[in-house]
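Student:
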Ligand code: FES
Ligand code: FES
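Protein chains in written order, with the numbering used here: chain C, 118 to 818; chain W, 445 to 596.
Quick look at the structure:
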């Protein structure tokens with residue numbers, strides 16, 4: 118995770134703003150006030166000393182619009198009470214190189230880890246420019262000046278605001294090697310500061326994708342082929358005659374109905390009989406076929422992902438052998454905000470207002486659908502009402518662009534919940550077969566794993582996304598192999614918070630538990646014995662054991678289960694305390710989490726990410742399942758794709774282990790371990806091993 | 445058809461299909477976008493408003509049925525309890541993406557207006573709104589914080 122932001126890029130992209138900008142506009146009606154972005158790039162300082170820091174990452178709840186400004190503000194010696202932010206697409210001046218920056222995507226839990234050093238440098242450079250400007254104005258030595266709280270003070274106690282100096286500072290060259298603070302002097306980084314976006318969220322003022330308003334805007338509802346891969350057949354635009362719709366147009370795999378109101382558009386769309394041409398093999402596809410195919414795929418060799426030692430020989434001579442098959446279904450993202458995008462296409466230009474995790478992708482598809490040059494395309498990111506990987510895709514952007522182009526007016530596309538549920542890019546269904554050999558008091562001597570499922574990186578090359586968490590193992594095992602078989606069912610699949618780890622950690626951590634059981638050992642001790650060469654992982658495991666008082670559940674009759682996950686350089690261990698009552702009802706009481714994610718910018722946001730990820734992962738573990746029948750998704754809304762509510766939400770307790778290492782990601786790591794932590798606890802409580810998800814498929818009585 | 449509806453203590457006249465749900469009238473015809481759409485079938489609570497003080501989904505209520513009921517939305521939620529709830533939301537750092545939060549705040553204000561000291565069971569029973577970001581435990585602590593303040 119090396120930072121690739123070169124000095125040159127940094128020089129080009131760091132500028133201080135001109136003075137006199139009104140900063141309130143960054144949050145309110147911002148999408149329509151463009152003067153702002155024309156004059157400044159990464160930060161602006163107004164005459165009244167407010168600092169606005171641009172955030173070129175998608176704010177989807179994970180807190181980048183607070184945490185990234187905190188990094189800049191720290192080095193800038195800004196007055197945090199007068200700092201605000203503005204969302205920008207990761208494009209042009211806001212392009213970030215390195216890691217996910219290459220694609221311009223907000224994902225992979227990389228925003229902080231890729232931007233930590235560049236943003237520190239930017240803040241430090243800006244501070245140095247302000248100090249230099251002050252020194253020049255007052256004709257004093259820069260060393261006699263102190264910058265703090267957005268003021269510069271001379272040794273004589275004379276002082277001036279940053280805002281009063283911004284214009285002069287802006288004319289100075291950007292320093293080559295700005296002096297960074299010693300982390301021991303941090304006063305903003307490391308603090309659990311309030312989020313900058315909350316005040317607008319709680320008043321209903323934040324602009325999400327669904328809330329964008331553009332003069333003369335029309336609305337579109339879409340109807341996409343109910344069967345994957347279907348195309349519109351015999352399209353007759355006159356079918357909207359006699360309705361309130363203003364236009365209907367064909368979009369890839371469906372139609373868009375345009376009206377003066379979304380509700381009208383949706384009503385008409387629902388009433389239309391649209392004739393789809395459906396591929397036969399898809400019409401026949403069901404979850405049962407998919408399951409059979411996965412089983413068959415598992416019997417093929419697949420491609421080798423890893424080989425250590427000689428697992429086959431070691432398995433043959435192992436005194437205890439264990440085998441298990443695990444199965445997970447397709448899952449939907451189900452963000453509370455459905456897919457939505459607003460586009461305004463004219464012959465010369467296109468503007469797109471969109472909740473996206475990839476502004477660069479938005480730009481590319483807009484270009485492809487309009488033929489316009491990128492210099493004529495503006496992408497305005499809005500707040501995302503949840504992303505979880507779904508809003509990396511651009512299907513909904515294409516629809517808005519095509520609709521606006523067709524009607525010559527701005528159009529906002531909104532998907533109904535049913536469209537959202539049935540036209541997702543799903544977390545792929547997978548099966549995995551694991552074999553393990555245990556020696557006499559030597560622990561795991563052989564591990565042989567094979568998984569089968571659709572590939573997120575189809576095309577034959579090494580799919581590190583689909584195999585993340587399956588290999589390498591977090592544990593020391595002398596002989597191991599992992600194979601992956603690529604399956605394909607024509608069901609669209611995509612990035613779902615924690616990607617491959619979302620299923621693979623369930624496979625691996627369930628199987629480690631099974632091996633511990635076969636060895637007659639305590640699951641936590643057994644894991645620790647295979648972590649002797651990894652202090653950080655061991656420390657996390659020991660900490661979580663302490664937090665949960667391992668072996669002594671608080672709730673009478675409850676049982677505990679443990680699981681470990683890695684993501685980038687981050688390590689997380691969870692212990693779930695679970696009861697299964699006589700009627701088979703499962704209750705997850707408390708989830709303890711010990712996390713080592715390197716240095717932390719905002720510990721409260723980190724904890725919130727872990728809490729949210731546990732709920733996200735637990736929803737999937739308990740009830741998440743998208744099933745296919747006749748090539749169609751059966752589920753359509755929250756009644757048949759339920760989410761956890763308050764009554765079933767466990768208490769999540771998180772401890773962040775202190776670390777001097779650089780920050781690593783936290784947005785996803787909380788998801789993968791919760792399913793195995795809970796199923797391992799269910800095993801401890803009932804003796805039933807859950808090998809298929811969701812848990813609701815089982816009856817425990 | 446024309447309807448005159450009372451939203452946040454002000455009358456608005458809208459000319460719409462009588463079947464149009466209040467949610468979309470608020471968002472499209474009155475221009476208040478704080479009330480959110482998510483499921484459209486009365487499950488998720490993102491679209492929660494008060495109708496004569498009672499928390500209700502606005503996605504399933506036809507505008508013709510609003511009649512003389514007083515509608516309160518997140519934008520107009522300024523009652524003493526409403527303000528305390530909003531403050532507690534900041535103090536307990538509840539919000540993540542924020543999309544469900546207007547609905548959650550309406551629901552929590554309704555709960556606390558009728559029960560100044562809700563038990564965990566009361567909270568479970570009333571707070572059925574969905575939050576995909578998983579902010580439930582902080583919602584619970586924010587509600588308890590307001591209750592403590594009310595009862596001081
Ligand atoms: S949108 Fe009204 S309850 Fe979900
Ligand atoms: S805060 Fe994102 S859905 Fe609740």
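Note that beta-carbon positions come from the ideal geometry of N, C-alpha and C, so glycine has one too.
A quick note: this is a predicted structure, and the numbers were derived from the prediction, not measured.
Can you tell me whether DSSP reads residue 325(C) as helix, strand or coil?
Tutor: Residue state, collapsed to three classes: strand.
Student: Using the beta-carbon of each residue, which ones in chain C are nearer than 9 Å to residue 491(W)?
Tutor: By Cβ distance, chain C contributes nothing, its closest Cβ being about 11 Å from residue 491(W), past 9 Å.
Student: Rounded to a whole number of angstroms, what is the C-alpha to C-alpha distance between residue 630(C) and residue 732(C)?
Tutor: The straight-line gap from Cα to Cα measures roughly 22 Å.
Student: Please say whether residue 546(W) and residue 518(W) have beta carbons closer to each other than 8 Å?
Tutor: Contact: yes.
Student: Which first and last residues belong to the beta strand (DSSP E) in which residue 274(C) is found?
Tutor: Here residue 274(C) belongs to no beta strand (DSSP E), and DSSP marks it neither H nor E.
Student: For residue 652(C), count the other beta carbons within 10 Å of its own beta carbon; 16 or more makes it buried, fewer makes it exposed. Which is it?
Tutor: Burial call: exposed.
Student: Find out if the Cβ-Cβ distance for the pair residue 419(C), residue 601(C) is shorter than 8 Å.
Tutor: Yes, the pair counts as a contact, with Cβ atoms nearer than the cut-off.
Student: Can you check whether the C-beta of residue 449(W) is within less than 8 Å of a C-beta belonging to chain C?
Tutor: No, its Cβ sits nowhere closer than 8 Å to a Cβ of chain C.
Student: Taking its Cβ as the centre, do 16 or more other Cβ atoms sit within 10 Å of residue 579(C), making it buried, or is it exposed?
Tutor: So residue 579(C) counts as exposed.
Student: Determine whether the beta carbon atoms of residue 775(C) and residue 707(C) lie at a separation below 8 Å.
Tutor: For residue 775(C) and residue 707(C), no; Cβs fall outside 8 Å.
Student: Among 456(W), 478(W), 589(W) and 577(W), which has the Cα closest to the Cα of residue 511(W)?
Tutor: Of the listed residues, the one whose Cα sits closest to residue 511(W) is 456(W).
Student: With a threshold of 8 Å between beta-carbons, can residue 708(C) be considered close to chain W, or not?
Tutor: No, residue 708(C) lies away from the interface with chain W (no Cβ there is under 8 Å from its Cβ).
Student: Any beta carbon of chain C sitting closer than 8 Å to that of residue 553(W)?
Tutor: So no, residue 553(W) is outside the interface.
Student: Classify residue 265(C) as helix, strand or coil using the three-state DSSP reduction.
Tutor: Looking at residue 265(C) - three-state DSSP - the assignment turns out to be strand.
Student: Taking only the alpha-carbon atoms, compute the straight-line gap between residue 302(C) and residue 193(C) and give it to the nearest angstrom.
Tutor: Cα to Cα, residue 302(C) sits roughly 13 Å from residue 193(C).
Student: State the DSSP-derived secondary structure class of residue 593(W), mapped to helix, strand or coil.
Tutor: Reduced to three states, the DSSP call for residue 593(W) is helix.
Student: Throw me the rounded Cβ distance for the residue 465(W) and residue 504(W) pair, which I believe falls under 8 Å.
Tutor: Residue 465(W) to residue 504(W), Cβ: 7 Å. Contact.
Student: Compare the C-beta of residue 556(W) with all C-beta atoms of chain C and state if any pair is closer than 8 Å.
Tutor: Not closer than 8 Å to any Cβ of chain C, the Cβ of residue 556(W) fails to qualify, so no.
Student: Count the CB pairs spanning the segment 733-740 of chain C and the segment 798-815 of chain C that are closer than 8 Å, and state whether there are at least three.
Tutor: The answer is yes - the segment 798-815 of chain C touches the segment 733-740 of chain C, with three or more Cβ pairs under 8 Å.
Student: Going by the beta-carbon positions, is the gap between residue 573(W) and residue 541(W) smaller than 8 Å?
Tutor: No.
Student: Using a Cβ-Cβ cutoff of 7 Å, what residues of the segment 486-518 of chain C are near chain W? List them in chain order.
Tutor: Here the close residues are 500, 501, 502 and 503.
Student: Given a threshold of 16 other Cβ atoms within 10 Å of its Cβ, counted over all protein chains shown, does residue 275(C) qualify as buried or as exposed?
Tutor: That one is exposed.
Student: Answer with buried or exposed for residue 723(C), where buried requires no fewer than 16 other C-beta atoms within 10 angstroms of its C-beta.
Tutor: Its Cβ being crowded by 16 or more others within 10 Å, residue 723(C) is buried.
Student: Relative to chain W, which residues along the segment 324-351 of chain C have a C-beta separation below 7 Å, given in chain order?
Tutor: Answer in chain order: 325, 327 and 328.
Student: What residue ranges within the segment 566-652 of chain C form continuous alpha helix (DSSP H) runs of no fewer than 4 residues, ordered along the chain?
Tutor: Complete alpha helix (DSSP H) runs here, min 4: 618-636 and 640-646.
Student: Please confirm whether any heavy atom of ligand 2 lies closer than 7 Å to the CB of residue 538(C).
Tutor: No, the Cβ of residue 538(C) stays beyond 7 Å of every heavy atom of ligand 2.
Student: Tell me whether residue 188(C) sits in a helix, a strand or coil according to DSSP, three-state version.
Tutor: Residue 188(C): helix per DSSP, three-state reduction.
Student: Using a Cβ-Cβ distance cut-off of 8 Å, determine whether residue 742(C) contacts chain W.
Tutor: So, not an interface residue.
Student: Kindly indicate which residue of 349(C), 208(C), 787(C) and 416(C) has the alpha-carbon position closest to the one of residue 175(C).
Tutor: That would be 208(C), whose Cα lies nearest to the Cα of residue 175(C).
Student: Taking the alpha carbon of residue 746(C) as the reference point, which residue from 367(C), 702(C), 403(C) and 465(C) has its own alpha carbon closest?
Tutor: Comparing Cα positions, the closest option is 403(C).
Student: Could you check if residue 560(C) belongs to the surroundings of ligand 4, using beta carbon to heavy atom distance under 7 Å?
Tutor: Absent from the structure shown: ligand 4. Ligands present: ligand 1 and ligand 2.
Student: Using a cut-off of 8 Å between C-beta atoms, extract the partners of residue 478(W) located in chain C.
Tutor: Within 8 Å Cβ-Cβ: 320, 321 and 322.
Student: I'd like to know if residue 500(W) contacts chain C, where contact means its C-beta is closer than 8 Å to some C-beta of that chain.
Tutor: Cβ-Cβ to chain C under 8 Å: no for residue 500(W).
Student: With a cut-off of 8 Å, does the C-beta of residue 465(W) fall near any C-beta of chain C?
Tutor: Yes, because at least one Cβ of chain C sits closer than 8 Å to the Cβ of residue 465(W).
Student: Helix, strand or coil for residue 541(C) per DSSP?
Tutor: In the structure shown, residue 541(C) sits in coil (DSSP, three-state: anything other than H, G, I, E or B).
Student: Buried or exposed, going by whether 16 or more other CB atoms sit within 10 Å of the CB of residue 140(C)?
Tutor: Residue placement at residue 140(C) is flagged as unreliable, the pLDDT there being 23, under the threshold of 50; a coordinate-derived value is accordingly withheld.
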